[in-house]
Amino acid sequence: MFALISRRAMHTKSLIFTFFWIAVLLGTSACGGASAAAPPAKRPKIQHIVFIIKENRSFDEYFGRFPGANGATAAKLSTGRTIPLGHTPDQVSHDIGHDWFSGIEVIDGGKMDLFDINYGGNLKGDMLAFTQMGQTDIPNYWAYAKRFSLADAMFSSLHGPSLPNHLYTIAGQSDGIVSVPVVTDPTSMGWGCDSVSAITVQFLQSDGSVVDKAPCVDIQTLGDVLDANNITWKYYSGLYGTSGYQWNVYNNIKHIRYGPEWSTRTGDQNQFDSDAMSGNLPAVSWLTPPNERTEHPPYSSCYGENWTVDKINSIMQGPDWATTAIFLTWDDFGGFYDHVAPQQIDKYGLGPRVPLIVISPYARAGAIIHTPYEFSSVLKFIEKNFALPSLGARDVTANDMMDAFDFTQTPSMPLVLQQRTCPIVATSSPFGEQAIGTVGTNKITIYNVGTQPLNLTSISLAGDSDFVLSPCTVTSILPNKSCNLTVNFTPSQLGARQATLTLQDNYPGSPQTISLSGIGSALTAQGTVLGPEYPYSSGLGTALFAIKQRLGTASQLSFTLTNVGLANILISSISLVGSDFTQSNNCPAVLTPNSPCTVTVIFTPSSLGPRWGQIRIDDNDPGSPHLVRLAGTAVNSAGNLNVSESPALYEQPTHRDFADDDDD
12 MFALISRRAM HTKSLIFTFF WIAVLLGTSA CGGASAAAPP AKRPKIQHIV FIIKENRSFD
72 EYFGRFPGAN GATAAKLSTG RTIPLGHTPD QVSHDIGHDW FSGIEVIDGG KMDLFDINYG
132 GNLKGDMLAF TQMGQTDIPN YWAYAKRFSL ADAMFSSLHG PSLPNHLYTI AGQSDGIVSV
192 PVVTDPTSMG WGCDSVSAIT VQFLQSDGSV VDKAPCVDIQ TLGDVLDANN ITWKYYSGLY
252 GTSGYQWNVY NNIKHIRYGP EWSTRTGDQN QFDSDAMSGN LPAVSWLTPP NERTEHPPYS
312 SCYGENWTVD KINSIMQGPD WATTAIFLTW DDFGGFYDHV APQQIDKYGL GPRVPLIVIS
372 PYARAGAIIH TPYEFSSVLK FIEKNFALPS LGARDVTAND MMDAFDFTQT PSMPLVLQQR
432 TCPIVATSSP FGEQAIGTVG TNKITIYNVG TQPLNLTSIS LAGDSDFVLS PCTVTSILPN
492 KSCNLTVNFT PSQLGARQAT LTLQDNYPGS PQTISLSGIG SALTAQGTVL GPEYPYSSGL
552 GTALFAIKQR LGTASQLSFT LTNVGLANIL ISSISLVGSD FTQSNNCPAV LTPNSPCTVT
612 VIFTPSSLGP RWGQIRIDDN DPGSPHLVRL AGTAVNSAGN LNVSESPALY EQPTHRDFAD
672 DDDD
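Using the working numbering, the first residue of the sequence shown is number 12, and each one after it goes up by one.
Below is the structure:
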């Protein structure tokens, strides 16, 4: 009932696949029934290149456990402590910072040790940045990596978010763009020249500051070079006004968006299957998914993997597989931990590692490629394969990826894979510590990843009475839609509290269960600028400093810690991470019931942009260690950074997210 692909479609693809390989074995042309002829002497064996770009995963998060790869299963924290990497659920409950400034922060001069103070990296103790998947979570991606070539030194081109990195996939540069728009135009669903709304992005200046301008630029792209050399190309994405349109970055190139190429060189990602199966793919294709299939948190990895498998199956079962190279990658690290420090080749990057799988009959079978690559490397491969001129500095110096291929090997057979039945996407982040008698609220999203309506029979909650459920207001969720339910946590006593949410429905594997957890604490923190309402606060809350603090000048704030319990709290240490912050306090070693103490923090920024730190309080309370996140923004001597507030700098899921698809 919930099969993700029809039997008829699979049967049709299988027949085409069978006839194609019978033709190959009989010595006929891969493009039809004519007798095989020797290709022209200089004609490359790769005549079709497909560049698939997904969203927001680091190499260690997807392939850190892959045998033989340079992966990690443990990570270093800002405190110097090493912890094992946990498990990433199929759908995570929130995003992690991966904007321009977050990328610089977590790299930390090559130490790769500040992922935990990056916002969203450790929300209420979930340590999301320090999680990873394994073979059972993304089995088809691992199957491709085992059969073909996996690159474990592929880096994002820029240590920032999606839009500038996508520009590198077509131009080998971003024209100075280092951010995504804070909002997406609701009419176009896009980020480019045709936006009806007055959207802006940040352009990096020579002094390290940023200015806000419209994301419509005129730079040379690989599409221009292909046109000049009469080589066909197309960018497949969501169409204007539909999910995933913002990933078509040719919309950010003015002369293409308003030139003749727009009508002939852009296409609907839904058309890709039929073009691949019928042999109508151009020589070079870019392919990006609708938003819900991108794997961008909080979307499902399984659901995104199924989309990728469908597209690759179409290539492998079509007539052009024998002459095709597929480059499957992810556009940035998404805030997830990676242990390899990227080389800083210019002021834009490189950024943290991302996965790359090279899939082709001539990809080195079962190889792990250790050569450093970036998105410009794919452009250089295309240029070298078709004898094209270079675009600029990045593709000139990038490694060309030819070492991922062996054109003398027996061509690899297609690897046609089955799509999976994905779990219902229902997630909840931990409540973390919550002062006894106070209320914390979590939203849990139930997302229908099937093809038929998801009918909810019942939603129930069992466990400690400290958890109270407010269910969805609908009983049926349409495909690709979601509903939100909320759970309130009001601890009545100290220590760990737990409950289980159970869903009864018509989806395979019903009933589904979701574990809920929280910790009753006796320590509270209060201050005029401190509180859990900050988007990615952790532990006790966030101390948010003045929005615009000039470099080298200081600002100060204080907050109060209070023991609201009935027993003494024994404080062993109060420590701080963050080079731009210092702290002092008058807290005693023994904080008696109803007693307060004060922590004072001074912020003296040394670099432009958002600056982050963290205070850690260790004691004998069940919520220990308690964390207070520190956040401030530094501007230049003119008082200028052109940002309205620190939280706006992270790449929000400004595309249509679950909140916009709710049925409740």
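Just so you know, even glycine gets a beta-carbon here, dropped at the ideal spot from N, CA and C.
Using the beta-carbon count (16 or more within 10 Å), is V601 buried or exposed?
Stepping through the sequence shown from its first residue, residue 601 is reached at position 590. Its Cβ having fewer than 16 others within 10 Å, V601 is exposed.
Helix, strand or coil for G461, going by three-state DSSP, please let me know.
Taking the sequence shown and counting its residues from 1, the one referred to as residue 461 is at position 450. Residue state, collapsed to three classes: coil.
According to the neighbour-count rule (16 or more other Cβ atoms, all chains shown, within 10 Å of its Cβ), is S289 buried or exposed?
Sequence index remark: in the sequence shown, residue 289 carries index 278 (1-based). Its Cβ having fewer than 16 others within 10 Å, S289 is exposed.
Answer with buried or exposed for G448, where buried requires no fewer than 16 other C-beta atoms within 10 angstroms of its C-beta.
Sequence index remark: in the sequence shown, residue 448 carries index 437 (1-based). So G448 ends up on the exposed side.
Exposed or buried, Y384, counting other C-beta atoms within 10 Å across all chains shown (16 or more means buried)?
Within the sequence shown, the letter at position 373 stands for residue 384. When all chains shown are included, Y384 counts as buried.
Buried or exposed, going by whether 16 or more other CB atoms sit within 10 Å of the CB of Y314?
Taking the first residue of the sequence shown as position 1, residue 314 is located at position 303. Its Cβ being crowded by 16 or more others within 10 Å, Y314 is buried.
Once you ignore the five residues that flank I63 on each side, which residues in its own chain have a CB closer than 6 Å to its CB?
Looking up residue 63 in the sequence shown gives position 52. For I63, where only same-chain residues beyond five positions count, the Cβ hits under 6 Å are L298, L339.
Is the beta carbon of M200 closer than 8 Å to that of Q282?
Within the sequence shown, numbered from 1, the residue matching residue 282 stands at position 271. Within the sequence shown, numbered from 1, the residue matching residue 200 stands at position 189. Not closer than 8 Å, so no.
Are S727 and N133 closer than 8 Å when you measure CB to CB?
In this structure the chain extends from 12 to 675, so residue 727 is not present and cannot be described.
Which complete beta strand (DSSP E) runs does the region 135 to 203 hold, if anything under 3 residues is left out?
Entirely contained in the region 135 to 203, the beta strand (DSSP E) runs reaching 3 residues are, in chain order, 160 to 162.
Output the boundary residues of the beta strand (DSSP E) element that contains G255.
Taking the first residue of the sequence shown as 1, we reach residue 255 at position 244. Element bounds for G255: n/a, residue is neither H nor E.
Nearest CA to the CA of I613: which residue from Y518, L619, S569?
Walking along the sequence shown from the start, residue 613 turns up at place 602. Residue S569 is the option with its Cα nearest to I613.
For M138, does the count of other Cβ atoms within 10 angstroms reach 16, so buried, or fall short, so exposed?
Taking the sequence shown and counting its residues from 1, one reaches residue 138 at position 127. By the neighbour-count rule (16 or more Cβ atoms within 10 Å), M138 is buried.
Rounded to the nearest angstrom, how far is the Cβ of T232 from that of A182, given a contact under 8 Å?
By 1-based counting over the sequence shown, the position of residue 232 is 221. By 1-based counting over the sequence shown, the position of residue 182 is 171. With 8 Å as the limit, T232 and A182 qualify as a contact, their Cβ atoms being about 5 Å apart.
Tell me the start and end of each unbroken beta strand (DSSP E) in the region 219 to 283 that is at least 3 residues and wholly inside, in chain order.
Qualifying beta strand (DSSP E) stretches, in chain order: 221 to 224, 244 to 248, 277 to 279.
Could you tell me if Q625 is buried or exposed, where buried requires 16 or more neighbouring beta carbons within 10 angstroms of its beta carbon?
Working through the sequence shown from its first residue, we reach residue 625 at position 614. Buried is the call here.
Taking its Cβ as the centre, do 16 or more other Cβ atoms sit within 10 Å of V407, making it buried, or is it exposed?
Working through the sequence shown from its first residue, we reach residue 407 at position 396. Exposed is the call here.
Between the alpha carbons of Q430 and N324, how many angstroms are there, rounded?
Working through the sequence shown from its first residue, we reach residue 430 at position 419. Working through the sequence shown from its first residue, we reach residue 324 at position 313. If you take the alpha carbons of Q430 and N324, they lie about 10 Å apart.
Would you decide whether G43 is buried or exposed? Buried here means 16 or more other CB atoms lie within 10 Å of its CB.
One-based indexing of the sequence shown puts residue 43 at position 32. Note on G43: pLDDT 34, under 50, position unreliable in the model; the coordinate value appears next. G43 is exposed by the Cβ-count criterion.
Quick check on F390: does DSSP put it in helix, strand or coil?
In the sequence shown, residue 390 corresponds to position 379, counting from 1. A quick correction: the sequence has Leu, not Phe, at residue 390. The answer is helix: DSSP assigns L390 an H, G or I state.
Applying the 10 Å Cβ sphere with the 16-neighbour rule, what's the burial state of H350?
The residue given as residue 350 occupies position 339 in the sequence shown. The residue in question, H350, is buried, as its Cβ has 16 or more Cβ neighbours within 10 Å.
If we require 3 or more residues per run, which beta strand (DSSP E) segments fall completely within the region 419 to 502?
Taking only runs of at least 3 residues, the beta strand (DSSP E) segments lying wholly in the region 419 to 502 are 444 to 446, 451 to 458, 465 to 474, 478 to 481, 493 to 500.
Do the region 625 to 640 and the region 577 to 589 touch if we need at least three Cβ pairs shorter than 8 Å?
The region 625 to 640 vs the region 577 to 589: in contact.
Determine contact between the region 144 to 152 and the region 92 to 102, defined as no fewer than three beta-carbon pairs at a distance below 8 Å.
Yes, they touch.
How would you call Y269, buried or exposed, if buried means at least 16 neighbouring beta carbons within 10 angstroms?
Your numbering for residue 269 matches position 258 in the sequence shown. Exposed is the call here.
Evaluate the contact criterion for the region 342 to 349 versus the region 147 to 163: three or more CB pairs, one atom per stretch, below 8 Å.
They do not touch, by the three-pair rule.
What does the alpha-carbon distance come out to for the pair Y251 and A557?
For the purposes of this step, residue 251 is identified with residue 240 of the sequence shown, where counting begins at 1. For the purposes of this step, residue 557 is identified with residue 546 of the sequence shown, where counting begins at 1. Approximately 39 Å, taken between the alpha carbons.
Are S440 and P372 closer than 8 Å when you measure CB to CB?
Taking the sequence shown and counting its residues from 1, the one referred to as residue 440 is at position 429. Taking the sequence shown and counting its residues from 1, the one referred to as residue 372 is at position 361. Contact: no.
Just grab the DSSP bridge partners of N67 for me.
Numbered from its first residue, the sequence shown carries residue 67 at position 56. Paired residues: none, contrary to the question.
Quick check on this structure: which residue in H170, T84, F166 has the alpha carbon closest to the alpha carbon of A409?
As a first step, residue 409 is located in the sequence shown; it is residue number 398 there, counting from the start. Nearest of H170, T84, F166 to A409, Cα basis: F166.
Roughly how many angstroms separate the alpha carbons of V327 and I368, rounded to a whole number?
What you label residue 327 is simply residue 316 of the sequence shown in a count that begins at 1. What you label residue 368 is simply residue 357 of the sequence shown in a count that begins at 1. Correcting the residue type first, residue 327 is Met in the shown sequence and not Val. Straight-line Cα distance between these residues: approximately 15 Å.
Cβ atoms of N176 and C227: under 8 Å apart, would you say?
Along the sequence shown, read from residue 1 onward, the residue named residue 227 stands at position 216. Along the sequence shown, read from residue 1 onward, the residue named residue 176 stands at position 165. Taking 8 Å as the Cβ cut-off, C227 and N176 do not qualify as a contacting pair.
So what does DSSP say about V117, is it helix, strand or coil?
Walking along the sequence shown from the start, residue 117 turns up at place 106. Of the three classes helix, strand and coil, the one that applies to V117 here is helix, per DSSP.
Taking the C-alpha atoms as reference points, what is the distance between S168 and R405?
Position 157 of the sequence shown holds residue 168. Position 394 of the sequence shown holds residue 405. One C-alpha to the other measures close to 9 Å.
Short check: CB of A85 to CB of T93, under 8 Å?
The count along the sequence shown starts at 1 and reaches residue 85 at position 74. The count along the sequence shown starts at 1 and reaches residue 93 at position 82. Yes; because the gap between Cβ atoms is below 8 Å, this pair is in contact.
Can you tell me which of H105, V103, G552, M123 puts its alpha carbon nearest to the alpha carbon of G91?
Numbered from 1 along the sequence shown, position 80 holds the residue referred to as residue 91. Of H105, V103, G552, M123, the residue nearest in Cα terms is M123.
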